[in-house]
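Peer 1: Before I ask anything, here is the structure I am working with.
Residue numbers (our numbering): 695 to 1015.
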């Protein structure tokens, strides 16, 4: 029986790095009978995740049909579907649209940050496309904290795939081989990529730019006719100043974690019965971290907004000429 791995990811847990490795090392992976079912330039199935989240069943079924064809054509013994968007999708609907007839030894693997760190990462991600203003409470007010309910998420996968093994990986680079999630994931698949001379690129995948740039993205998102996501992707983010500081102080982080206390204890008992806690919290005992805050004044934002508006209008007039 062949193996099917479903990598559900969560934001900022190395999914992009894993997918980039899968694209760049296809011949090596194929030589080890591993197929990430890469479609063209895509290493992930984020589009399928988006369709599932949006209730677009017809579009999701088209992707499901494509996946079935690829599986049927693949000689690999180990198949991998990967998308960080699967975390927020309905697992039962995913199984329906995949409609796999071949029996598989299925393993569902997720990398999970401690919830305060996960929510902080999600907050940064939303700021990239101007979906939320700087200030962590703005994120909580708009999006809530359900994304950190890992027990609920895992239960949905258990219900949809009762015959599958769920593998809970704590996103802790310090505990990973070489401190790298790509090494960890490939090791889970049975590969030693260093011994095989196939290490990943040292390029940082999906870096988060400075809070000032994220603040400016809010202004970009407010411009009519501008796709903030495309603007962000067009920028050389890797060469720009990186995000520094944290989104919340220690007391806020502890208050958040307290809301997940019962669920985290249940997950600890299931996945890590010999550990004292699901996630260590020693770092919250020290001094409060520096909180990242944008440096632009209100007057500066007004000037920048006016400049962006003028540039947008000028570009629009030029296109219409």
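Ideal Cβ positions, reconstructed from N, Cα and C, are used throughout, including at glycine.
What whole-angstrom Cβ distance do residue 788 and residue 798 have, given they're in contact under 8 Å?
Peer 2: About 14 Å; that fails the 8 Å criterion.
Peer 1: Return the first residue and the last residue of the beta strand (DSSP E) that residue 806 is part of.
Peer 2: Per DSSP, residue 806 belongs to the beta strand (DSSP E) from 799–806.
Peer 1: Kindly indicate which three-state DSSP category residue 916 falls into: helix, strand or coil?
Peer 2: The answer is coil: DSSP assigns residue 916 none of H, G, I, E or B.
Peer 1: Sort out for me which residues DSSP pairs residue 931 with in a bridge.
Peer 2: Answer is none; residue 931 lacks a bridge partner.
Peer 1: By Cβ distance, which residues of its chain are closer than 6 Å to residue 972, with the 5 residues on each side in sequence left out?
Peer 2: Excluding sequence neighbours, residue 972 sits near 958, 961, 962.
Peer 1: Would you call residue 775 buried or exposed, if buried means 16 or more other Cβ atoms sit within 10 Å of its Cβ?
Peer 2: So residue 775 counts as buried.
Peer 1: Between residue 937 and residue 839, what straight-line distance do the alpha-carbon atoms span, to the nearest angstrom?
Peer 2: About 22 Å.
Peer 1: Can you tell me the Cα-Cα spacing of residue 991 and residue 930, whole angstroms?
Peer 2: Rounded to the nearest angstrom, the two C-alpha atoms are 25 Å apart.
Peer 1: Between residue 954 and residue 809, is the Cβ-Cβ spacing less than 8 Å?
Peer 2: Yes, the pair counts as a contact, with Cβ atoms nearer than the cut-off.
Peer 1: With 16 as the cutoff for other CB atoms within 10 Å, does residue 786 come out buried or exposed?
Peer 2: Answer is exposed; the Cβ neighbour count stays below 16.
Peer 1: When we look at the beta-carbon of residue 759 and count the other beta-carbons within 10 Å, is it buried (16 or more) or exposed?
Peer 2: Per the 10 Å Cβ criterion, exposed.
Peer 1: Does residue 860 come out as helix, strand or coil in the three-state DSSP assignment?
Peer 2: Note: residue 860 maps to strand in three-state DSSP.
Peer 1: Per the DSSP calculation, residue 985 is bridged to which residue(s)?
Peer 2: Looking at the DSSP assignment, residue 985 forms a beta bridge with 940.
Peer 1: Quick check on residue 924: buried or exposed, where buried means 16 or more other Cβ atoms within 10 Å of its Cβ?
Peer 2: Answer is exposed; the Cβ neighbour count stays below 16.
Peer 1: Are the segment 701–717 and the segment 862–876 touching by the rule of at least three beta carbon pairs closer than 8 Å?
Peer 2: Touching, yes, given that three or more Cβ pairs across the two stretches are closer than 8 Å.
Peer 1: Where does residue 729 land, buried or exposed, given buried means 16+ other C-beta within 10 angstroms?
Peer 2: The residue is buried, with at least 16 neighbouring Cβ atoms inside 10 Å.
Peer 1: So, using beta-carbon positions, are residue 851 and residue 800 closer together than 8 Å?
Peer 2: No.
Peer 1: Report, in whole angstroms, the separation of the C-beta atoms of residue 830 and residue 942, which I expect to be a contact under 8 Å.
Peer 2: Contact holds; Cβ gap of about 5 Å.
Peer 1: First and last residue of the beta strand (DSSP E) that includes residue 699?
Peer 2: Note, residue 699: beta strand (DSSP E), 697–701.
Peer 1: Beta carbon of residue 892: closer than 7 Å to some heavy atom of the ligand NAP?
Peer 2: Ligands in the displayed structure: none, and consequently the ligand NAP is not present.
Peer 1: Candidates 932, 886, 944, 815: which alpha carbon is nearest residue 896's?
Peer 2: Checking every option, the nearest Cα to that of residue 896 belongs to 932.
Peer 1: Compare the beta carbon distance of residue 1006 and residue 917 with 8 Å and say whether it is the shorter of the two.
Peer 2: Contact: yes.
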